[in-house]
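There are 2 protein chains.
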Amino acid sequence: MTKVSPEAKRKVHFEPDNVGIVVEQGSNLLEAARDAGVHINASCGGAGVCGTCKVLIRRGEVESTRTDKLSDEEWEQGIRQACQSRIVTDLTVYIPIESRLERAVLSRESKEAPGALATGWRFNPPLSKFFVELPPPTLEDNASDLSRVLRGLNRRYNLSNLTVDFDVLKKLSKILRDSDWKVTVTTLVTAVKPKAADKRRPRVINIESRDTRQKHYSLALDIGTTTVCGQLLDLKRGKALAESIEYNGQISYGQDVISRIAYSQNPGGLKKLQKAVVATINSVIKELVTKSRVNIKHVGHLSVAGNTTMIQILLGLDPKYVRLAPYTPVANFIPPVKARSLGIKVGPHVYLFAFPQVASYIGGDIISGIVGSGVYQRKKLTLYIDIGTNGEVVVGNSDWMVVASCSAGPAFEGGGVRYGMVATTGAIEDFALEPPSLEPVLGTIGGAKPKGICGTGLISIVAGLFGAGILGAKGKFNIDFLTNRLRRGTDGYEYVLAWAPETEIGKDIVITEVDIDNLIRAKAALYAGCQTLVKSVGLSMADIEQVIIAGAFGSHIDIEESITIGLFPDIPRERFVFIGNGSLMGARLASFSTDLMDDARRVARMMTNIELSENADFMHYYVAALFLPHTDASEFPSVTEKLAKLSNSNSKPRIAV
Amino acid sequence: MTKVSPEAKRKVHFEPDNVGIVVEQGSNLLEAARDAGVHINASCGGAGVCGTCKVLIRRGEVESTRTDKLSDEEWEQGIRQACQSRIVTDLTVYIPIESRLERAVLSRESKEAPGALATGWRFNPPLSKFFVELPPPTLEDNASDLSRVLRGLNRRYNLSNLTVDFDVLKKLSKILRDSDWKVTVTTLVTAVKPKAADKRRPRVINIESRDTRQKHYSLALDIGTTTVCGQLLDLKRGKALAESIEYNGQISYGQDVISRIAYSQNPGGLKKLQKAVVATINSVIKELVTKSRVNIKHVGHLSVAGNTTMIQILLGLDPKYVRLAPYTPVANFIPPVKARSLGIKVGPHVYLFAFPQVASYIGGDIISGIVGSGVYQRKKLTLYIDIGTNGEVVVGNSDWMVVASCSAGPAFEGGGVRYGMVATTGAIEDFALEPPSLEPVLGTIGGAKPKGICGTGLISIVAGLFGAGILGAKGKFNIDFLTNRLRRGTDGYEYVLAWAPETEIGKDIVITEVDIDNLIRAKAALYAGCQTLVKSVGLSMADIEQVIIAGAFGSHIDIEESITIGLFPDIPRERFVFIGNGSLMGARLASFSTDLMDDARRVARMMTNIELSENADFMHYYVAALFLPHTDASEFPSVTEKLAKLSNSNSKPRIAV
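Laid out in structure tokens, this is it:
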């Protein structure tokens with residue numbers, strides 16, 4: 000081991016990015032990559048336990064702690080966990096494909112279902128533009144410039160009771176005179192109290208030369224733990240002009256909210272996380288204005304939905320107590336804040352509206368989805384499921400709503416799965432066993448050579464293997480099954496999905512019993528969460544008249560497979576609707592309608608949050624759900640029937656319980 | 000003449016300050032003094048026309064344009080106008096006493112008259128503090144931190160309908176936990192609509208650990224063209240703890256608002272002026288907190304009154320159109336603005352409330368004075384006169400008010416007068432002719448050797464000379480009068496007030512016919528302004544039931560002398576009340592009472608501004624007033640009577656008309 004002297008500088012070169020950086024000797028390699036702007040996956044945020052940050056040291060020396068995430072073979076090859084490595088000499092580091100993300104695949108985002116949208120709302124955006132032609136001042140009428148503008152607004156549009164942002168005064172006199180007293184005034188409704196719409200006091204936030212009413216835009220943003228999605232909205236014409244999506248730059252600091260919160264507690268950690276997501280937002284905005292050919296100065300508002308942690312970090316509010324019992328957010332109703340004060344590159348007059356939250360794990364993204372999908376408008380008993388990095392479940396209708404957050408674990412995002420990966424190029428997302436050989440047929444994202452398994456693929460694989468009898472109801476392989484793909488591995492038995500030569504990574508891609516166990520825990524948590532809510536109001540799953548599945552992940556899921564493994568309730572399939580990114584949808588609709596923005600506050604107030612972490616019913620339901628599809632066969636009548644048929648139609652025993 | 004090469008650096012040393020600065024060769028000497036922080040009077044803002052910036056070049060060479068403000072003798076001595084001089088070589092520059100100001104004299108500020116104060120108002124400061132002890136969160140009650148605070152305020156104080164400043168969230172969680180859930184919340188009423196007090200939505204602007212209700216302070220400030228006065232107020236006990244006053248740092252850039260506005264139009268001029276007044280404010284605040292031993296962090300609000308130009312410059316708003324016909328301010332009702340965003344050194348949560356204005360030359364200082372003195376509360380017909388650098392006049396009562404600004408010129412401040420000076424040490428402020436010799440007896444500020452004549456002195460001198468018959472009603476000397484003090488000078492005849500050996504400046508101090516003419520114009524403008532207002536509502540001067548004289552200058556004025564020269568109306572003397580700094584008084588009272596703050600808005604709306612600059616009646620009255628005391632003797636019955644008596648009692652003809 001070379002002696003580490005902290006003063007010395009070392010050059011690190013990253014491939015295939017071809018990016019270099021000079022850092023102190025002894026620096027952490029993962030940090031160095033972040034500082035160089037090179038992305039390396041790090042699901043656990045650098046704790047060394049996830050093994051997603053593997054890199055190949057091509058040249059030079061690191062001092063690395065070895066964990067059980069590295070095989071002997073990998074260690075010999077020079078593969079190290081970046082988070083466990085300190086830089087000793089100048090380095091050339093290669094980041095293998097599975098440790099990287101690809102952005103291109105994000106455009107797979109699905110579209111919203113028109114059948115599950117809020118209805119009956121007025122088009123009355125919180126951001127408005129008014130054009131006035133004012134009489135120039137005379138000695139007889141030399142009111143102040145501001146009074147003249149307000150008088151003009153009152154006379155022409157019957158607008159009174161406006162407040163004015165101080166900053167508007169700074170350019171007022173010049174603009175009035177440069178524009179020959181013809182100006183466009185932008186107003187914004189911010190603080191809204193339910194049932195007090197008549198007491199709204201819109202604020203004047205901007206003034207522009209001449210008639211700019213045709214150039215009237217806003218942004219809707221969904222700040223997800225994994226991705227940031229945005230739409231640029233034309234408020235004059237009431238439509239979205241462009242959509243853009245990028246990975247949340249915070250991913251480098253941990254894959255889920257818990258690891259982000261943990262990172263935020265390091266010195267400077269919160270600031271780094273905030274800068275990372277703001278950089279992503281700025282990049283999304285840049286793409287949106289480029290695509291839609293809109294000048295950023297005509298964008299006047301930001302409507303933002305996200306989970307509580309993402310929003311607190313974006314706002315620079317320490318998320319520490321989100322994670323610590325009893326789990327309190329700083330605020331559920333966020334006061335208006337200037338977007339630029341957060342580093343977001345928009346005009347200085349632009350405010351950010353954050354959707355109200357309900358609790359630490361029930362964020363504005365859920366409220367936004369409920370508002371956007373109109374659940375709160377209908378008598379119909381609805382189950383709303385948002386499967387993102389976390390799983391949130393809402394049960395209710397226009398009269399009442401209960402909500403819970405299920406710590407499903409990261410399996411749906413490919414976490415805790417040996418070859419798990421996020422849904423990007425090369426991820427196995429579809430699986431079938433082709434009769435009569437029962438050899439697997441894989442579908443991958445982008446049709447590429449397989450690289451790993453994403454959440455959708457995992458469900459498909461488990462449903463397929465279970466349906467074929469290769470996998471038993473307890474999640475153990477039926478080792479009597481005649482196939483060379485079943486073998487004993489380090490994590491119990493494993494099934495080879497693709498042989499090394501067929502893969503992008505040059506290794507056999509397998510699914511292990513540990514992987515399957517993680518999926519069963521995840522689906523059990525989500526199903527038990529739904530059950531807890533439904534039973535808490537004295538109903539059963541069969542009473543549910545509509546199931547709305549939100550979330551990018553949700554929209555690629557196969558209903559039948561999901562019911563087969565016991566993730567979704569076994570009710571008539573036509574009751575299921577996929578709405579894609581419900582959070583973004585609600586953010587867009589609230590930009591179009593102040594009424595819906597009001598509704599968001601009302602929905603947030605009407606929701607009853609049920610904490611599952613110490614709920615006895617939930618624990619009971621959870622244990623009962625640790626089975627494929629469920630220990631209580633009556634919960635899954637159609638699956639039970641289908642499995643019985645399959646079992647009868649085969650001579651071989653296919654179901655090993 | 001030495002060749003000027005702009006690249007070279009030159010050292011300039013100022014005496015008696017003993018301060019040096021290195022500047023580019025060719026720099027303006029007045030600018031160099033400003034940059035070095037050395038004050039030189041410059042009434043006209045550097046245009047070369049006032050002659051108040053004379054300096055003595057002791058060593059080195061300047062390139063100087065000679066104006067008629069310098070006598071041959073002065074030129075020979077090496078005296079130059081700093082504003083007209085460019086630096087050629089290294090210099091030693093002496094700033095004579097008459098070109099400097101002294102701060103000590105400012106404490107002469109007079110006290111308010113208790114008989115002319117707003118009455119019947121409730122003590123309900125716009126800034127409030129509330130202490131709450133909150134139950135810590137539990138799993139059963141894990142509302143957000145903000146909801147918990149708002150709930151506590153509602154339960155204990157029945158406060159609902161609050162809005163919250165975003166910045167409060169930043170420290171909320173930490174403070175709640177560090178203080179064991181015992182916190183003090185500061186709220187502020189900002190936007191107030193008349194007759195809508197029930198619709199007020201106070202905003203939460205700060206949160207502090209534990210019970211800080213005993214430490215509850217605010218600041219009242221009067222931003223005058225010449226001085227900045229402040230009071231530190233204890234809002235818990237309802238009293239002023241300290242008072243402080245300083246010359247407005249903008250004086251270096253010009254003595255009146257017009258020259259300040261002119262300077263603001265230079266590149267960077269507005270910014271320089273803003274910084275200058277902010278520096279003065281910070282210095283006043285520093286003295287206030289030191290005197291009162293208050294920690295600045297417990298100061299929660301700023302209530303500021305000033306004329307329209309001073310307020311616009313303080314707020315960084317270009318005052319260009321204040322000066323250009325038709326004289327429009329940017330805004331009369333100033334939205335709340337964070338004091339720190341202007342550079343004022345107070346806590347980040349502190350807002351600045353600026354009194355509403357009526358017009359370009361009717362500022363918040365007048366509204367503040369009217370509110371503070373309660374003119375708007377009484378049926379009594381009142382004439383309110385504020386004699387500052389400008390003269391503003393209000394006539395009215397609780398039902399109606401008319402107001403006008405009189406461009407009296409700078410004579411009351413010592414401007415346009417050969418030996419004129421502001422009211423500081425050595426200024427002649429009192430004058431009498433001692434019988435039988437009729438030799439003058441001078442009273443100076445601080446009892447020092449005379450240095451010049453301040454506004455009060457000028458009135459006293461003219462009244463005295465006129466009363467004695469040495470001066471005629473047209474403002475010309477009676478040259479038949481037997482005294483060696485009367486002589487012909489460069490500006491017509493002049494009267495020697497003090498001989499060179501008796502003075503501080505080593506020169507004869509005289510009053511010239513030009514000086515007297517300037518005073519007559521000033522008093523004529525003010526009196527004609529009052530007349531125009533009074534006549535505009537069909538009344539006469541005799542109908543006035545109360546005269547309130549505001550302004551630091553006003554409070555040192557002698558009523559009898561002022562009536563003698565025709566400045567004040569000739570009505571019973573007991574109707575006159577001096578209130579000192581009415582602007583500061585109102586600013587203090589509005590800090591104590593939200594009701595009075597509301598009233599300020601109401602008063603601003605009820606005032607009718609009469610522009611005198613193109614008013615035919617005013618011109619008529621003005622011309623008629625260019626006489627001692629007035630061409631219409633019936634306007635000044637008691638003066639006429641007194642003069643007639645004097646005239647009869649003397650053998651010599653004393654009044655030369």
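From first to last, the protein sequence lines stand for chains A and B.
With numbering that gives the first Met the number 0, the residue at position 422 of the first sequence is 421, and numbering never jumps.
With numbering that gives the first Met the number 0, the residue at position 624 of the second sequence is 623, and numbering never jumps.
All C-beta atoms in this analysis are idealised placements derived from N, C-alpha and C, irrespective of residue type, glycine included.
Predicted model only: the values in this text are computed from it and were never measured.
For residue j and residue i, the rounded distance between their alpha carbons
i                 : j                 : result
Leu-583 (chain B) : Phe-476 (chain B) : 40 Å
Val-345 (chain B) : Val-303 (chain B) : 14 Å
Gly-362 (chain A) : Asp-255 (chain A) : 15 Å
Thr-66 (chain A)  : Lys-378 (chain A) : 54 Å
Ser-637 (chain A) : Asp-569 (chain A) : 7 Å
Gly-505 (chain B) : Gly-414 (chain B) : 21 Å
Ala-353 (chain A) : Leu-158 (chain A) : 26 Å
Glu-493 (chain A) : Ile-510 (chain A) : 5 Å
Lys-587 (chain B) : Arg-147 (chain A) : For the sequence presented, residue 587 (chain B) should be read as Arg rather than Lys. Distance between the alpha carbons of Arg-587 (chain B) and Arg-147 (chain A) is about 30 Å.
Pro-347 (chain A) : Lys-337 (chain A) : 7 Å
Glu-108 (chain B) : Val-22 (chain B)  : Note on Glu-108 (chain B): pLDDT 47, under 50, position unreliable in the model; no value is reported.
DSSP beta-bridge partners of residue i
i                 : result
Glu-242 (chain A) : A:Gln-230
Phe-577 (chain A) : A:Ile-548
Glu-6 (chain A)   : Its beta-bridge partners do not exist; DSSP assigns none.
Pro-439 (chain B) : B:Leu-432
Asn-17 (chain B)  : BP columns for Asn-17 (chain B) are empty, so no partner.
Leu-485 (chain B) : B:Tyr-494
Leu-470 (chain B) : B:Phe-476
Glu-132 (chain A) : A:Lys-181
Thr-91 (chain B)  : B:His-12, B:Arg-58
Asn-27 (chain B)  : B:Arg-85
Asn-608 (chain B) : B:Val-402
Cβ-Cβ separation, residue j to residue i (assumed contact under 8 Å), whole Å
i                 : j                 : result
Asn-306 (chain A) : Val-276 (chain A) : That pair is no contact at about 12 Å.
Ala-524 (chain A) : Phe-411 (chain A) : No, Ala-524 (chain A) and Phe-411 (chain A) are not in contact; Cβ-Cβ is about 10 Å, not under 8 Å.
Lys-450 (chain A) : Ala-426 (chain A) : 6 Å
Leu-382 (chain A) : Val-416 (chain A) : The pair is not a contact, with the Cβ atoms about 26 Å apart (cut-off 8 Å).
Per-residue contacts from residue i into chain B (C-beta, under 8 Å)
i                 : result
Thr-137 (chain A) : Pro-325
Gly-315 (chain A) : Lys-169
Glu-610 (chain A) : Leu-138, Asn-141
Under 9 Å from the C-beta of residue i: neighbouring residues of chain B
i                 : result
Tyr-320 (chain A) : Pro-136, Asp-144, Ser-172, Arg-176
Asn-331 (chain A) : Ala-142, Ser-143, Leu-145, Ser-146
Within chain B, the residues that residue i reaches when beta carbons sit closer than 7 Å
i                 : result
Val-163 (chain A) : Pro-334
Glu-613 (chain A) : Leu-138
Chain A residues whose Cβ lies nearer than 8 Å to that of residue i
i                 : result
Pro-328 (chain B) : Ser-143, Asp-144
Chain A residues whose Cβ lies nearer than 7 Å to that of residue i
i                 : result
Ala-358 (chain B) : Asn-141
Could you pull out every unbroken beta strand (DSSP E) segment of at least 3 residues lying fully inside the region 333-410 of chain B, listed in chain order?
-> 350-353, 381-386, 390-395, 400-405
Which ranges does the alpha helix (DSSP H) cover as unbroken runs of at least 4 residues, wholly within the region 150-225 of chain A, from first to last along the chain?
-> 167-177
Whole alpha helix (DSSP H) elements within the region 282-322 of chain A, 4-residue minimum = 307-313, 319-322
Any chance you could list the beta strand (DSSP E) runs of at least 3 consecutive residues sitting entirely within the region 512-571 of chain A, in chain order?
-> 545-549
Counting only runs that start and end within the region 56-88 of chain A, where is the beta strand (DSSP E) found for 3 or more residues in a row?
-> 61-63, 78-80, 84-86
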